[in-house]
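Counting from 1 along the sequence shown, just add 966 to a position and that's the residue number in this note's numbering.
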Amino acid sequence: MNKILIVEDEIAISDLIKIALENRGYMCQTAKDGEIASNYIEKNVYDLILLDIMLPKVDGYELLDYIRKSYETPTIFITAKSQTEDKIKGLNLGADDYITKPFEIEELVARVEAVLRRYNKGNEEQNFGDVSINFANRSVKKLGKNVSLTPKEFDLLILLIQNRNCALYREVIFEKVWGEELEFETRTLDLHIQRLRKKLGWKDKIKTVYKIGYMLEI
Ligand code: CA
């Protein structure tokens, strides 16, 4: 699973990007200033970095320069400015692409996927045991045969995969998949888990964890 670092000091934007990318099967980490970001970059390996230019402490240009000198991580910079000189400066520093605020989240996701494809890191389709998931069109196959999932079943599956081998609390699963649409209802969740187990033939893989909730063991 591709790991993406989001460097952005506006938490609302950062959260929006994180949710959109996680829904597409990416693992995301966020940093709210240039200093935190450079610490993360030194300690972790990322498949892509999304980099805001106007940042506290170390700005995006400086960070981009540092990334380019020491790492080969693909980078897309985010700029609030529409001036051509900023884009040129970023691209000259070696960024792979840029996006101007305000942007449509779908456009950002498309740019991320295009850059990853260029680096042969595309994760449109990934295998998890005998199940393969296409994140781009949200389709699922079991041993090569299509499995039809409802949108909520798909979201639930992605959440279990992102947290595989970790026990998840029922309330947490419910909140992540259903958000504020519904009051927490254990029956709805249990029913979706049962259907997912049946459709994927994962009765033994999606485990009930006593007094906690569920865990995908894979
Ligand atoms: Ca900013």
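C-beta: ideal position from N, C-alpha, C; glycine also. Note that the coordinates shown come from a computational prediction; the quantities given were computed from them, not determined experimentally.
* Asked: Span of the alpha helix (DSSP H) holding ALA1003?
  -> 1000-1009 is the extent of the alpha helix (DSSP H) around ALA1003.
* To do: Express the C-alpha separation of PHE1120 and GLU1051 in angstroms, rounding to a whole number.
  => C-alpha of GLU1051 to C-alpha of PHE1120: approximately 43 Å in a straight line.
* **Sequence-distant residues of the same chain with beta carbon closer than 7 Å to LYS1108, five excluded per side** => Only ASP1096, VAL1097, LEU1166, GLY1167 meet the Cβ criterion.
* Asked: DSSP three-state call for ALA978: helix, strand or coil?
  -> In this structure, ALA978 counts as helix in the three-state DSSP scheme.
* **Buried or exposed (CB count within 10 angstroms, at least 16 for buried), CYS994** => Counting Cβ neighbours within 10 Å, CYS994 comes out buried, since at least 16 surround it.
* **Whole-angstrom distance between ALA997 and ASN1093, CA atom to CA atom** => Spanning the two alpha carbons is a distance of roughly 29 Å.
* Through-space distance from LYS1111 to ILE1172, alpha-carbon basis -> Distance between the alpha carbons of ILE1172 and LYS1111: 20 Å.
* So does ASP1018 have its beta carbon nearer than 7 Å to some heavy atom of ligand 1? -> Here the distance from the Cβ of ASP1018 to the nearest heavy atom of ligand 1 is below 7 Å.
* To do: Below 8 Å on the Cβ atoms is my guess for ILE1042 versus TYR1064; work out the distance and round it to an integer in Å.
  => Right, their Cβ atoms sit about 6 Å apart.
* To do: Out of TYR1012, SER1004, SER1036, ALA986, state which residue places its alpha-carbon closest to the alpha-carbon of LYS1023.
  => Comparing C-alpha distances from LYS1023 to each of TYR1012, SER1004, SER1036, ALA986 shows the shortest one belongs to SER1004.
* Asked: Quick one: is the Cβ of LEU1021 within less than 7 Å of any heavy atom of ligand 1?
  -> Yes, since a heavy atom of ligand 1 falls inside the 7 Å radius drawn around the Cβ of LEU1021.
* To do: Under 7 Å Cβ to Cβ from VAL1081, same chain only, skipping five residues before and after it: list those, please.
  => Cβ within range, chain order: LEU1014, PRO1040, ILE1042, ASP1062, ASP1063.
* State yes or no: is the beta carbon of PHE1094 nearer than 8 Å to at least one beta carbon in chain B? => Note that chain B does not occur in the displayed structure, where there is just one protein chain.
* **ALA1102 - containing alpha helix (DSSP H), residue span** => No alpha helix (DSSP H) holds ALA1102; DSSP gives it neither H nor E.
* List the DSSP bridge partners of ALA997. => For ALA997, DSSP records a beta bridge to VAL973.
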